[in-house]
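In what follows, a structure is listed as structure tokens, so that the remarks can point back to it.
Residue numbers (the numbering used here): 15 to 394.
This is the structure:
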């Protein structure tokens, strides 16, 4: 455990200093960090307070539920990959209860998704209310769906995850793709086979078929989720910083991230996220990736992060003032052609049958309305 904020990494110190300026706090007395709503979870890292026992209890519950899932998957030889919060808490933080973790995120191969989803329901898990699958034609009873044999999750407009809940109250998101949104998959088709081919085994759990993302893809995934959430999560910045502290050659790691982004049509959003991270946490070895991903003159004006550390570390509930959010949401679209694709999907009659095949008309109309609002208007 660190003894004071001065022993934290330069990136975390700069982020804390930026937040201190916004709340008019003094770095000479870091006690304000204990109760801060945005960065308060860093306080145990700095040794300013002990770990919250409620978070520790939540972590113990999630690990117990994960154990049950892995034992069930082992019976059917279903491989899985641990993603996001719970994996970061275990692998990056000195005490896993420091990082707030709300649910379990597991990725399974697309061809085993139907089997895994039905197996968890047999084990007592139920669908969360309001999830996309719960509103689809596959719903046969409250909290239950029936996916037929041969169900293809890669079909157009199929959600990238099924949201389940354990009887004990733990939420589980079962993914077959790292992007849950069909629209984002359409404009940015990431090859999931590359994620599985390079995935190392994850030890210390109750399964020999549990994996995690390779380090370059883990860092790419952190940038992807941070960007997809509209740059509203400060956890992502801390996760990235702690991951980089474990790497001896950060320059080579960022080179691999840049290579993957260039190969998979992700150049602009990775560049945008790195530029914004540089503003908040300072310059570091990521500069080599920023240089490689630098867009041309005509694209540069759309990729510059219009928001600054004030918009990310503001006093608003989610970290971004409403008046600035529409800028960020508009910049989530990488190219003008992405908007054209969306409009073509909306007006093309042959695609209408897909609405009724993969969900109720009302649900998908709400989905497209939300996507249009995400691009053109501020979210309320």
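From the three backbone atoms N, C-alpha and C, an ideal C-beta is built for every residue, glycine too.
All values reported here derive from a predicted model rather than from experimental measurement.
| request: Ignore the nearest five residues each way along the sequence and tell me which others in residue 267's own chain have a CB closer than 7 Å to its CB. | output: 229, 230, 233, 261
| Anticipated Cβ contact below 8 Å, residue 112 with residue 59, distance rounded | 6 Å
| Cβ contact check for the segment 80-98 and the segment 134-148: 3 or more pairs under 8 Å | yes
| field | Runs of beta strand (DSSP E) lying entirely within the segment 147-175, each at least 3 residues, in chain order | value | 153-155
| said: Can you look up residue 186 in the DSSP assignment and give me helix, strand or coil? | reply: strand
| Any idea which residues DSSP pairs residue 416 with across the strands? | Missing from the structure shown is residue 416; the chain here goes from 15 to 394 and no further.
| said: Can you list, in chain order, the residues of its chain with a C-beta nearer than 6 Å to that of residue 177? Leave out the 5 residues immediately preceding and following it. | reply: 142, 145, 187
| So, residue 53 versus residue 243, is the Cβ gap smaller than 8 Å? | no
| field | Reduced DSSP secondary structure (H/G/I, E/B, other) of residue 88 | value | helix
| query | Are residue 124 and residue 190 close, meaning C-beta to C-beta below 8 Å? | reply | yes
| query | Rounded C-beta distance between residue 25 and residue 301? I'm assuming under 8 Å. | reply | Not confirmed; about 13 Å, so no contact.
| residue 94 by DSSP, collapsed to three states: which one? | strand
| What are the boundary residues of the beta strand (DSSP E) that includes residue 121? | 117-121
| request: Below 7 Å CB to CB, which residues in the same chain sit around residue 272 once its five sequence neighbours on both sides are set aside? | output: 303, 306, 307
| task | Quick one: measure Cβ to Cβ for residue 174 and residue 193, integer angstroms, because I've assumed they're closer than 8 Å. | result | 5 Å
| request: Measure the C-alpha to C-alpha separation of residue 133 and residue 291 and round it to an integer number of angstroms. | output: 40 Å
| Own chain residues within Cβ distance below 6 Å of residue 80, not counting five before or after | 118
| request: Could you tell me the distance, in whole angstroms, from the CA atom of residue 309 to the CA atom of residue 298? | output: 20 Å
| According to DSSP, is residue 219 helix, strand or coil? | coil
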